[in-house]
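As structure tokens, the structure follows; a few thoughts come after it.
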Amino acid sequence: MRHLITLVLLTLSSLAFANASNLQEGQVWAYKTRPGESESTVTVLKIEQYKDLGQVIHVRIDGIRMRNPIKGNIVTDIPHLPFRSAAVQRSVTKLIRKSSTVPDFKEGYDTWRQAYDVGKAGAFETDVAATLNSLLGASWELKK
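Read left to right, the sequence shown gives residues -18 to -1, 1 to 126 (mature numbering (1 follows the signal peptide of the UniProt record, and there is no 0)).
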């Protein structure tokens, strides 16, 4: 009986990993959220391959609650964040749905890409929740 339970648990965990390792554009995932944000989701916007970063997963985060340190307003979504693939795979827990379209993220992506092209941007290696926490303590500045 113990061997059967172990086999079932291993099968279930490998299925969860297989789903996370097969990230696709348009997927909306539940993830290991910060406290109080259990309904928050990650949407896969774009997947790209870079020589120096490996696979980069561009995502949108919805259902968060962060205070903007410049304007003081509450931020409930982040339209674009670039992550290394492993960081997203470690974060996601359950595929919620798949959409044939993704929300517009052109402005955030273009800003990131311009910075990346001149060596001033990369992709987050920490999981989604840790990245959100680090953004709270970051130095923010107004976009000109």
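We put the CB at the ideal spot given by N, CA and C, even for glycine.
With distances taken between CA atoms, tyrosine 91 lies nearest to Phe65 out of Phe65, Gln71, Ser81 and Ala69. When DSSP states are grouped into helix, strand and coil, leucine 114 belongs to the helix group.
If the five residues before and after tyrosine 32 are omitted, its C-beta is found closer than 7 Å to the C-beta atoms of Val38, all from its own chain and listed in chain order.
For alanine 103, same chain residues with a beta-carbon under 7 Å away, outside a window of 5 residues either side, are Trp94 and Ala97 in chain order.
Per DSSP, the beta bridge partners of phenylalanine 106 are Phe65. In its chain, beyond the 5 residues on either side, Leu63, Pro64, Phe65, Arg66, Ala69 and Thr113 have a beta carbon closer than 8 Å to the beta carbon of phenylalanine 106.
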